[in-house]
Amino acid sequence: MALRRRPALALLLLLRGCLIGAVNLKSSNRNPVVQEFESVELSCIITDSQTNDPRIEWKKIQDEQTTYVFFDNKIQGDLAGRAELLGKTSLKIWNVTRTDSALYRCEVVARHDRKEIDEIVIELTVQVKPVPPVCRVPRAVPVGKAATLTCQEGEGYPRPHYSWYRNDVPLPTDSRANPRFRNSSFLFNPDTGTLVFSAIHKEDSGQYYCIASNDAGSARCEEQDMEAYDLNIGGIIGGVLVVLTVLALITVGICCAYRRGYFINNKQNGESYKNPGKPDGVNYIRTDDEVRQPRGCSVPSREDDIPLRTKQVRRRDF
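All the letters of the sequence shown, read from the start, carry residue numbers -22 to -1, 1 to 296 under mature numbering (1 follows the signal peptide of the UniProt record, and there is no 0).
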């Protein structure tokens, strides 16, 4: 019996020596979640090691890029000034931001151990509270017509869910699912924030607002009024007839004015100073004074104020 136990005991001692001579790491939380602007601890604990002063490194893996966080015994990169090493290996970050969401790898090198290197990866998630969403609500919609209300928020992480309220009463995703809204006909998508009315009813008038919420908090937009009104078909037809009548009267007036000559462009207004044309059977003969007057000279006559006119002599047959 003693001979049989010796090989088993020797194997146990050998395994124990191998385990003791290997560096091993563990973490109390490999998936920490923290809200923006708070602090967080990334846990990395050495459980077994024979090396008193192992080399510690932290690296950040984000968007397929790896950068140093703790290297050469100091904080590196964008965490400089707001992070420190706790104990020997854990990392604490203050005032975390949304850009700190990433994978963090803790690496330990123990040169005096049989297994010199060990590492663990911690995934940090930073939650961001939503900001007030942008809501679009039509002010007035005719009864029976379709209408769409939208609610959008782009800052919150994780992506927020949306809720619509009318007169401080939450709306269901489907109006048919709640007897309280049997006089309405709408569908609401809480993931996109879109509220669609297939046909507006009088009861749909009221004050609307939307709330965007996630695990970090919630925010709402300002209330906006939407009015459902009836179309006055008779008034619309009457207005169209009045416009057509006015256009017809204007057209008739323009035609009458054109016929009466109001649009004819008179080239000459007043008396013409040109000699009149020669009528048929009339010949023009100069006076004796005009014959005696040399060309290029102007002889004043006694009747200076009277325009010079030629004498008309009717043609005679000789």
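Positions of the beta carbon are idealized from the N, C-alpha and C atoms, including for glycine.
- Message: To the nearest angstrom, how far is the alpha carbon of residue 320 from that of lysine 38?
- Response: In the structure as shown, the chain starts at -22 and stops at 296, and residue 320 therefore has no counterpart that could be examined.
- Query: Taking the C-alpha atoms as reference points, what is the distance between glycine 55 and glycine -2?
  - Reply: Indexing the sequence shown from 1 puts residue 55 at position 77. Indexing the sequence shown from 1 puts residue -2 at position 21. If you take the alpha carbons of glycine 55 and glycine -2, they lie about 34 Å apart.
- As assigned by DSSP and simplified to three states, the class of alanine 125: Here residue 125 refers to the residue found at position 147 of the sequence shown. Looking at alanine 125 - three-state DSSP - the assignment turns out to be strand.
- Please name the residue or residues paired with tyrosine 140 in a DSSP beta bridge. The residue labelled residue 140 in the question sits at position 162 within the sequence shown. Answer by DSSP bridge pairing, in chain order: Ala190.
- Query: Using DSSP with H/G/I as helix, E/B as strand and the rest coil, what is glutamate 42?
  - Reply: The residue labelled residue 42 in the question sits at position 64 within the sequence shown. Of the three classes helix, strand and coil, the one that applies to glutamate 42 here is coil, per DSSP.
- Query: Where glutamine 130 and glycine 171 are concerned, what is the direct C-alpha to C-alpha distance, given to the nearest angstrom?
  - Reply: One-based indexing of the sequence shown puts residue 130 at position 152. One-based indexing of the sequence shown puts residue 171 at position 193. Cα to Cα, the separation comes out at about 6 Å.
- Task: In the DSSP assignment, find the unbroken beta strand (DSSP E) run with cysteine 113 in it and report its ends.
- Result: Translated into positions along the sequence shown, residue 113 becomes position 135. Run containing cysteine 113: 112 to 114, per the beta strand (DSSP E) assignment.
- Task: Keeping to the same chain, check which residues put their C-beta closer than 7 Å to that of leucine 64; ignore five residues upstream and five downstream.
- Result: On the sequence shown, residue 64 is found 86 positions in, with the first residue counted as 1. Around leucine 64: Glu19 and Lys70.
- Counting Cβ pairs closer than 8 Å, one from the segment 117 to 125 and one from the segment 84 to 92, do we hit at least three? no
- Task: Helix, strand or coil for isoleucine 178, going by three-state DSSP, please let me know.
- Result: Here the question's residue 178 lines up with position 200 in the sequence shown. In this structure, isoleucine 178 counts as coil in the three-state DSSP scheme.
- Where valine 220 sits in the DSSP three-state scheme: Position 242 of the sequence shown, counted from the first residue, corresponds to residue 220. Here valine 220 sits in helix by DSSP.
- Assuming threonine 151 and phenylalanine 166 form a contact by the criterion Cβ under 8 Å, report the distance between their Cβ atoms to the nearest whole angstrom. Reading the sequence shown from its first residue, position 173 is the one you call residue 151. Reading the sequence shown from its first residue, position 188 is the one you call residue 166. Sure, about 5 Å apart at Cβ, within 8 Å.
- Task: Give me the Cα-Cα distance between glutamate 101 and alanine 80, rounded to the nearest whole angstrom.
- Result: On the sequence shown, residue 101 is found 123 positions in, with the first residue counted as 1. On the sequence shown, residue 80 is found 102 positions in, with the first residue counted as 1. Cα-Cα distance, rounded: 6 Å.
- Are the segment 131 to 150 and the segment 191 to 208 touching by the rule of at least three beta carbon pairs closer than 8 Å? yes
- Task: State buried or exposed for glutamate 85, treating a residue as buried only when at least 16 other CB atoms are found within 10 Å of its CB.
- Result: Counting from one through the sequence shown, the residue named residue 85 turns up at place 107. It is buried - the Cβ of glutamate 85 has at least 16 other Cβ atoms within 10 Å.
- Pairwise C-alpha distance: asparagine 161 and leucine 173: Walking along the sequence shown from the start, residue 173 turns up at place 195. Walking along the sequence shown from the start, residue 161 turns up at place 183. So the alpha carbons of these two residues sit roughly 16 Å apart.
- Item | Paired residues, beta bridge with residue 297 - DSSP | The chain is shown from -22 up to 296; residue 297 falls before or after that span and cannot be answered.
- CB contact flag (methionine 204, valine 74, <9 Å): As a position in the sequence shown, residue 204 is number 226, starting the count at 1. As a position in the sequence shown, residue 74 is number 96, starting the count at 1. Cβ atoms of methionine 204 and valine 74: not closer than 9 Å.
- Item | Exposure of threonine 67, with buried meaning 16 or more beta-carbon neighbours within 10 Å | The sequence position of residue 67 within the sequence shown is 89, counting from 1. That one is buried.
- As assigned by DSSP and simplified to three states, the class of valine 269: Residue 269 sits at position 291 when you count from the first residue of the sequence shown. Only weak support exists for where valine 269 lies, its pLDDT of 47 falling under 50; the value from the coordinates is given anyway. Correct three-state label for valine 269: helix.
- Message: Assuming contact is defined by CB atoms lying nearer than 9 Å, are phenylalanine 164 and aspartate 182 in contact in what I supplied?
- Response: Here the question's residue 164 lines up with position 186 in the sequence shown. Here the question's residue 182 lines up with position 204 in the sequence shown. Yes, they are a contact pair.
- Message: Looking only at its chain, what residues have a beta carbon closer than 8 Å to the beta carbon of phenylalanine 159, apart from the 5 residues adjacent to it on each side?
- Response: Start at 1 with the first residue of the sequence shown, and residue 159 comes out as number 181. Counting only Cβ-Cβ distances below 8 Å, and skipping sequence neighbours, we find Leu149, Pro150 and Ser153.
- Message: Just verifying my parser: in three-state terms, what is the DSSP assignment at glycine 184?
- Response: Taking the first residue of the sequence shown as position 1, residue 184 is located at position 206. Three-state DSSP puts glycine 184 in a strand.
- Determine the closest residue to arginine 144 out of Cys188, Val87 and Thr126, with distance taken between C-alpha atoms. To locate residue 144, count along the sequence shown from 1; it is residue 166. With distances taken between Cα atoms, arginine 144 lies closest to Cys188.
- Query: Looking only at its own chain, which residues have a Cβ that is under 6 Å from the Cβ of asparagine 7, when we skip the five neighbours before and after it?
  - Reply: Looking up residue 7 in the sequence shown gives position 29. Counting only Cβ-Cβ distances below 6 Å, and skipping sequence neighbours, we find Ser21.
- Query: Under 9 Å between the Cβ atoms of glutamine 40 and valine 104?
  - Reply: Here residue 40 corresponds to residue number 62 of the sequence shown, with the count starting at 1. Here residue 104 corresponds to residue number 126 of the sequence shown, with the count starting at 1. Result no, Cβ atoms of glutamine 40 and valine 104 do not sit closer than 9 Å.
- Item | Classification of cysteine 113 by the beta-carbon crowding that lies within 10 angstroms, buried from 16 upward | The sequence position of residue 113 within the sequence shown is 135, counting from 1. Per the 10 Å Cβ criterion, buried.
- Item | C-alpha distance - residue 320 paired with arginine 60, whole-angstrom precision | Since the first residue shown for the chain is -22 and the last is 296, residue 320 is missing from the structure and cannot be characterised.
- Message: Just checking: is the beta-carbon of phenylalanine 49 within a distance shorter than 9 Å of some beta-carbon in chain D?
- Response: Looking for chain D here will not work: only one protein chain is present.
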